[in-house]
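Q: Just dropping this structure here.
Structure follows, in structure tokens:
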């Protein structure tokens, strides 16, 4: 067992050796030219398993983190994405095929809809990385983001060790790229109507904006090179679009972690916020917009005299003020979940869609499958002139489905878009239900407007029609706003994660963290670790909730509460261990876990979660 006070990792000769379980996935293999593989087929190569699911923003961050390592060590390293679904939609094979193309996954992927391999490796969180040496032994496990540097150093150690032993096999890996498909758009994300009636669409997978004629099909022009980049005419998986009062369009340049403006008249593209680097805990949360890091901005909206940003990567709302050239946090704590209240205390989970509507800003909060909104605080809110967050539809991180009726019991499934309608109601692009839904604040009812839409991610109004971005059909689809709702059979789901059996009373929580070889915990300016614990329902925890700096905690479960979810957020910062280096390179490792638990007399009294290392 290793905790926050542990020494750096042991040298390779003393590394723990655990035989890697076989790779099993009912959905089969992708990106291999229809070939199937076993671990024996990969013997002699360093294998990195990336347990991911395509709804998860942290998983998408890890895909980007691994790109450099994947390129540099392609003759010795085989990265295999083990797709392990959270939502029902993600268990559909075609959805995984789409996601692999959508997010530019350039390595083999094992589709594991029943979580068979996930269970074999005792994985507890998305994303989790497991490193297997050329002889087929597990040598490291990492949960969350920020581990690419540590894994790169481990890969170099393994290359040297196994080259000496004669057990390293170099050569081409099993990756076979799929055949490209010709379509006008490719997994478009968001859209808006330009003043002249044309559409502007973020063609996310092709790293471009596309202007379409009023028919929604004819391409007028493409904006951007179409090659992933952060140059003056390049984007990286752009998403949200919004018109500014000066006629320019502000663009959420998602994987560049930036806001750009596009002038439809001159064609000029300008960066107005973000540095191109991803925000990490401890980074500034406000200041001059071009000096502050952002994290996967997914949508933007002009509301309350500023640009509001759905900052999916850190589960917050931020705001950019063009008048002052500043940016900063507007709502959210970075904790992932569904908590309403004053803006500074609210929790979000990957906010991905925004729509301004008078005195409210509507939010599609995707990972909680929720429709929420921001409004000015009123009497009794205790916030003076501030903002408060409220939930219209949604129950939390693990409850989702397709159920109409009263908002308090209605269910959505990972919505990515929201659109204000003229009558004061809102349309929700209910992405993983392939549906367009409607919430009416006046009646408190949720209805279904249309079905058989393939992953709708946004919608815009054009007269009496609504034009839907059908992302997985690569097109805009025009619908007449129906006067009557579509009747659908109600379906409710919970995430198919097995609950951990825990004993009543005291529960020891240990977060396992081993600093990478050649690094140590960074204690120059105080504690370098952080642990935050909470629960749903809150009454599950009698003691032990809140924030602290140790990576272990003594929890006490309350009497009479038999099940719930423990929310654990851990962070550790490590730096190069070289006394002669005045400015050592430092790295932040972080992860959020939502651990379903069930209380029983035969349950465990210790819960171990691996941030980095082995020993759970």
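Numbering (the working numbering), first residue to last: 956 to 1571.
Glycine is no exception: its CB is placed at the ideal position from the N, C-alpha and C atoms.
In this text, all values refer to a predicted model and were calculated from it rather than measured experimentally.
Taking the straight line between their C-alpha atoms, what separation do you get for residue 1317 and residue 1472?
A: 46 Å
Q: In this structure, what does DSSP give as the bridge partners for residue 1475?
A: 1530
Q: Excluding sequence positions up to five away, which residues of its chain have a Cβ less than 7 Å from the Cβ of residue 1030?
A: 1125, 1126
Q: Can you grab the Cα-Cα spacing for the pair residue 1128 / residue 1429, in whole Å?
A: Approximately 31 Å, taken between the alpha carbons.
Q: Pick helix, strand or coil for residue 1161, following the three-state DSSP scheme.
A: helix
Q: Is residue 1155 closer than 7 Å to residue 1109 when the C-beta atoms are compared?
A: no
Q: Can you give the Cα-Cα distance for residue 1347 and residue 1258, rounded to whole angstroms?
A: 19 Å
Q: Report the rounded CA-to-CA distance for residue 1163 versus residue 1056, giving the unit in angstroms.
A: 16 Å
Q: Strictly by DSSP, which residues pair up with residue 1112?
A: Paired residues: none, contrary to the question.
Q: In its own chain, which residues sit with a C-beta less than 6 Å from the C-beta of residue 1049, not counting the 5 before and 5 after it?
A: none
Q: Is the beta carbon of residue 1492 sitting closer than 7 Å to the one on residue 1519?
A: yes
Q: In whole angstroms, what is the alpha-carbon distance linking residue 1482 and residue 1133?
A: 47 Å
Q: Secondary structure at residue 1288, three-state DSSP: helix, strand or coil?
A: coil
Q: Pull the bridge partners of residue 1233 from the DSSP assignment, please.
A: Residue pairing by DSSP places residue 1233 opposite 1249 in a beta bridge.
Q: Measuring straight from C-alpha to C-alpha, what distance separates residue 1011 and residue 1386?
A: Approximately 14 Å between the Cα atoms of the pair.
Q: Within the continuous beta strand (DSSP E) that includes residue 1516, where are the two ends?
A: It is not in any beta strand (DSSP E) - residue 1516 carries neither H nor E in the DSSP assignment.
Q: Quick one: any contact between the region 1220-1229 and the region 1289-1305, if contact means 3 or more CB pairs under 8 Å?
A: Touching, no.
Q: State the start and end residues of the unbroken alpha helix (DSSP H) segment that holds residue 1044.
A: Taken as a continuous stretch (DSSP letters only), residue 1044 belongs to no alpha helix (DSSP H), as it is neither H nor E.
Q: Per DSSP, residue 1395 is paired with what?
A: 1400
Q: For residue 1560, which residues of its own chain have a beta-carbon under 7 Å away from its beta-carbon, when the five flanking residues on both sides are left out?
A: 1458, 1461, 1462, 1463
Q: Apart from the five residues on each side of it in sequence, which residues of its chain come closer than 6 Å, Cβ to Cβ, to residue 1190?
A: 1162, 1179, 1208
Q: In angstroms, rounded to a whole number, what distance separates the CA positions of residue 1135 and residue 1141?
A: Distance between the alpha carbons of residue 1135 and residue 1141: 11 Å.
Q: With distances taken from CA atoms, which of 1415, 1436, 1467 is nearest residue 1147?
A: 1415
Q: I need the DSSP call for residue 1384, collapsed to helix, strand or coil.
A: strand
Q: Check the DSSP bridge columns for residue 1167 and list the partner residues they point to.
A: 1154, 1174
Q: Hey, quick one: how far does the beta strand (DSSP E) through residue 1010 stretch, first residue to last?
A: No beta strand (DSSP E) contains residue 1010, which DSSP labels as neither H nor E.
Q: Which whole-angstrom value is the C-beta distance of residue 1225 and residue 1210, which I expect to be below 8 Å?
A: The Cβ separation is near 18 Å, so there is no contact.
Q: Measure the C-alpha to C-alpha separation of residue 1374 and residue 973 and round it to an integer number of angstroms.
A: 51 Å
Q: Taking all protein chains shown into account, decide if residue 1388 is buried (16 or more other Cβ within 10 angstroms of its Cβ) or exposed.
A: A buried status is given to residue 1388, since no fewer than 16 other beta-carbon atoms sit within 10 Å of its beta-carbon.
Q: Expressed to the nearest angstrom, what Euclidean distance is found between the alpha-carbon atoms of residue 1281 and residue 1238?
A: 15 Å
Q: With DSSP as the reference, label residue 1459 as helix, strand or coil.
A: coil
Q: Assuming residue 1436 and residue 1420 make a contact with CB atoms under 8 Å, what is their CB distance in whole Å?
A: Between residue 1420 and residue 1436 the Cβ distance is about 7 Å, and since that is below 8 Å, they are a contact.
Q: Along the alpha helix (DSSP H) that carries residue 1075, what are the first and last residues, could you check?
A: Per DSSP, residue 1075 belongs to the alpha helix (DSSP H) from 1071-1075.
Q: From residue 1231 to residue 1053, what does the alpha carbon distance come to, in whole angstroms?
A: 27 Å
Q: How is the beta strand (DSSP E) around residue 979 delimited, first residue to last?
A: Unbroken run through residue 979: none, as it is neither H nor E.
Q: When burial is assigned at 16 or more other CB atoms within 10 Å of the CB, is residue 988 buried or exposed?
A: exposed
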